[in-house]
Every structure is written in C-alpha cells, then in structure tokens.
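**Student:** Next up is a structure, given as structure tokens.
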Amino acid sequence: MFSARSVSLSFSGVRALAGIDLRVSEGELMGVIGPNGSGKSTLFNVMSGIYKPDSGQLEFRGRMIAGMRPADIVRQGIVRTFQNKRLFSNMTVAENVMVAGLKAAPGSALGDVFGTQGSKAAMRSCEQRARQSLEAVGLTSMLEVLAKDLPYGAQNRLEIARALVLDPSLLLLDEPAAGLNPSERGDVRELIRSIHGRGIAIVLVEHDVRMVTGLCPRIAVLDHGEKIADGPAQEVMRDERVLEAYFGTQEQRERAHAGE
Ligand SMILES: Nc1ncnc2c1ncn2[C@@H]1O[C@H](COP(=O)(O)OP(=O)(O)O)[C@@H](O)[C@H]1O
Ligand SMILES: [Mg+2]
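Residue numbering for the sequence shown follows our numbering, beginning at -9 and increasing consecutively.
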C-alpha cells in the first residue's frame, strides 16, 4: 500500500531521517517506536506532505507522493493526527470535526461550501461523516461541549475523530495515548483496534511500548533517524540494537542490573 525508500531529511545539518525504508500493507496495523528525537514525528511529517524529503521516494497505491501538498495527500487517503493536538479549544466537539471534514471537501474553500446548491450536499455529507466519526470514538454524548472543557482522554479521541472524518485508508497516529491515565489508555487501545477492524491501515507511533507490542504484530524501530529494526514485535523487542537504543549496551545493562 505504502512504501518509503531511502528517505532522508536534515534540519540545518541534523539528520532527522537517514535513509528510511518502510513498507505498510493494505489493512495492516504496525507500530513505530524509538527514543525521543529519533525521527518518528518527522517520518509522519514527510508521509503527510508537511515536509518534503531531501531525497528518497514515497509511494502510495502506485502514486509517487513526495512533494505533493498535504491536502492532496489527504485526498489520496493518508491522514495523520498530531502529537500536539490541533483542536480549536473554543469550538464544540461537533464543530471541531465539521471544520476538519470541510477542509477536505471537494472544492474546499469554506465560503464555497456554505454557498451553492452542490455545496449544500457537500455540507450534508460532511455532517454525516462527522456524526459517524464521533460515534466511532464514543463522543456522541458530548457534541456541544467545548474542546477545552473535555477530559484529556476525550481530547485525544476528538483528535482521532478529526482524522476519521477525512475517510483515511492509511491512518497515522502520533502518540495518541500521550499523557493519558491507564483507563484512558485502555480506551485508546480499544479504539485503535476497532478502527483497524474496519479495514483501515494504521501506523501507530507511541511512547508506551507495551501498548505498541500489545496491538501491533509488526514494529519498526527508529534511532537517530535510522531504522534499526523492523519485524515481528517479539523478535524486535529482543533485538540487541533495540535494547541498546532504549537501555544502553549489554555491559551498561548488566552493570545497572547489578546495582552499580
Ligand atoms: N522543524 C524542525 N526543525 C529543526 N529540527 C527539527 C524539526 N523537526 C524535528 N527536528 C529534529 O529532528 C529530530 C527528530 O525529531 P522528531 O521527529 O520530532 O522525533 P520523535 O518524534 O521521534 O521524538 C530531532 O533532533 C528534532 O530536534
Ligand atoms: Mg514525536
């Protein structure tokens, strides 16, 4: 479905992505983990067209997408959420999802959408998709609540609803459980399962490694902008390079274990 080949991107000399190869299959649920600053969000920024890679290829369902504008990539079916949520805090839950949905409506300037006959149909279809995506994340009882008044876990689910309204076939989730308590994390885990159950492919970036290993049969690991492992979750979590990236070298680990 998606492949990145030798994708690199530097920020004033810092290699944020160094020759990344990544494949995602139709309907797959895969995890991407790695220490802070290893390039996970940058990878999503490149996949969603926010940044253009310095070099390398990005292909989605047979189309080259590197250099496409973010709105065009959304129309292809790749939709992402943001680690720092992009909610409009003084808008209601329903409005937040509507605004996200209208952004991608065909011929999409907001003025258009409220004007002509054809755009009334677009508006109705957007309302319907908004309702469905709010149902999917379990927020239909809070439609009129302002985003800023939502509990933290519900804000994260609203951020996911704003992505679902764009009808993704590949959904990129950037730390959807960040800052949540265990019960809210459980809700997000079930939500990810149910979205995946609808046939949507998901790439999950998440700090909570146990959540990722619990959900994702396959995991890729980034470290300093490089992919250091990619494979079945259990194998990857035993990989020496992965253990080093997270916990230090074997020698350091043994010393720490011995309490030195
Ligand atoms: N817009 C940017 N400008 C400069 N440096 C950036 C920018 N975005 C990311 N970086 C750098 O790229 C590296 C990877 O960052 P990021 O992708 O956010 O890591 P992660 O999401 O894995 O924590 C870091 O060194 C970060 O400081
Ligand atoms: Mg990040």
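Ideal Cβ positions, reconstructed from N, Cα and C, are used throughout, including at glycine.
What residue range does the beta strand (DSSP E) around Gly9 cover?
**Tutor:** Its beta strand (DSSP E) spans residues 4 to 14.
**Student:** What's the C-alpha gap between Arg65 and Ser123?
**Tutor:** Between Arg65 and Ser123, the C-alpha separation is close to 17 Å.
**Student:** Check for me: the beta strand (DSSP E) holding Gly221 runs from which residue to which?
**Tutor:** Run containing Gly221: 216 to 222, per the beta strand (DSSP E) assignment.
**Student:** Do you know how far the Cα of Arg245 is from the Cα of Ser159?
**Tutor:** One C-alpha to the other measures close to 46 Å.
**Student:** Kindly confirm or deny that the region 209 to 222 and the region -1 to 19 touch, where touching means at least three C-beta pairs closer than 8 Å.
**Tutor:** Counting Cβ pairs under 8 Å, three or more are found: they touch.
**Student:** Please list the terminal residues of the continuous alpha helix (DSSP H) segment that includes Gly52.
**Tutor:** Element bounds for Gly52: n/a, residue is neither H nor E.
**Student:** Leu23 lies in the beta strand (DSSP E); which residues open and close that run?
**Tutor:** The sequence shown places Ile at residue 23, rather than the Leu named in the question. That run of the beta strand (DSSP E) goes 19 to 23.
**Student:** How long is the line joining the alpha carbons of Leu77 and Leu154, rounded to whole angstroms?
**Tutor:** Rounded to the nearest angstrom, the two C-alpha atoms are 14 Å apart.
**Student:** Going by DSSP, name the residue or residues bridged to Ile192.
**Tutor:** In DSSP, Ile192 forms a bridge with Leu19, Leu161.
**Student:** Given a cut-off of 8 Å on the beta-carbon distance, is the pair Val36 and Leu48 in contact?
**Tutor:** Yes, they are a contact pair.
**Student:** Based on Cα-Cα distance, which residue from Leu156, Gly249, Leu205 lies nearest to Val22?
**Tutor:** Selected option, being the one with the closest Cα: Leu205.
**Student:** Pick helix, strand or coil for Gly91, following the three-state DSSP scheme.
**Tutor:** Helix, per DSSP.
**Student:** I need the DSSP call for Thr239, collapsed to helix, strand or coil.
**Tutor:** Of the three classes helix, strand and coil, the one that applies to Thr239 here is coil, per DSSP.
**Student:** Using a Cβ-Cβ cut-off of 8 Å (strictly less than) and excluding sequence neighbours within five positions of Arg179, which residues of its own chain qualify?
**Tutor:** So the list reads Ala167, Met201, Gly204, Leu205, once near-sequence residues are dropped.
**Student:** Does DSSP classify Val36 as helix, strand or coil?
**Tutor:** Reduced to three states, the DSSP call for Val36 is helix.
**Student:** Over the uninterrupted alpha helix (DSSP H) stretch that includes Ala61, give me the two end residues.
**Tutor:** That run of the alpha helix (DSSP H) goes 60 to 66.
**Student:** Taking the alpha carbon of Ala84 as the point to measure from, which residue in Glu216, Ser38, Met132 has its own alpha carbon closest?
**Tutor:** Closest by alpha carbon: Met132.
**Student:** In whole angstroms, what separates the C-alpha of Asn26 from that of Ala111?
**Tutor:** Rounded to whole angstroms, Asn26 to Ala111 spans 44 Å at the Cα level.
**Student:** Can you say whether Lys42 is buried or exposed, counting buried as having 16 or more other CB atoms within 10 angstroms of its CB?
**Tutor:** The residue in question, Lys42, is exposed, as its Cβ has fewer than 16 Cβ neighbours within 10 Å.
**Student:** Quickly, what does DSSP pair Phe(-8) with across the bridge? List them, please.
**Tutor:** Paired residues: Val14, Phe50.
**Student:** Our contact map puts Ala191 next to Glu16 with C-beta atoms below 8 Å; I'd like the distance itself, whole angstroms only.
**Tutor:** Their Cβ separation, rounded to whole angstroms, is 6 Å, which keeps Ala191 and Glu16 in contact under 8 Å.
**Student:** So, Ile68 versus Leu162, is the Cβ gap smaller than 8 Å?
**Tutor:** Their beta carbons are under 8 Å apart, which means Ile68 touches Leu162 by this criterion.
**Student:** Alpha carbon to alpha carbon, how far is Gln242 from Glu134?
**Tutor:** Distance between the alpha carbons of Gln242 and Glu134: 53 Å.
**Student:** Would the C-beta of Asp177 count as close to ligand 2, meaning under 7 Å from any of its heavy atoms?
**Tutor:** No, the Cβ of Asp177 stays beyond 7 Å of every heavy atom of ligand 2.
**Student:** So, are the CB atoms of Gly39 and Arg59 less than 8 Å apart?
**Tutor:** For Gly39 and Arg59, yes; Cβs fall inside 8 Å.
**Student:** Which residue from Lys75, Asn74, Phe72, Phe50 puts its Cα closest to that of Ile63?
**Tutor:** Residue Phe50 is the option with its Cα nearest to Ile63.
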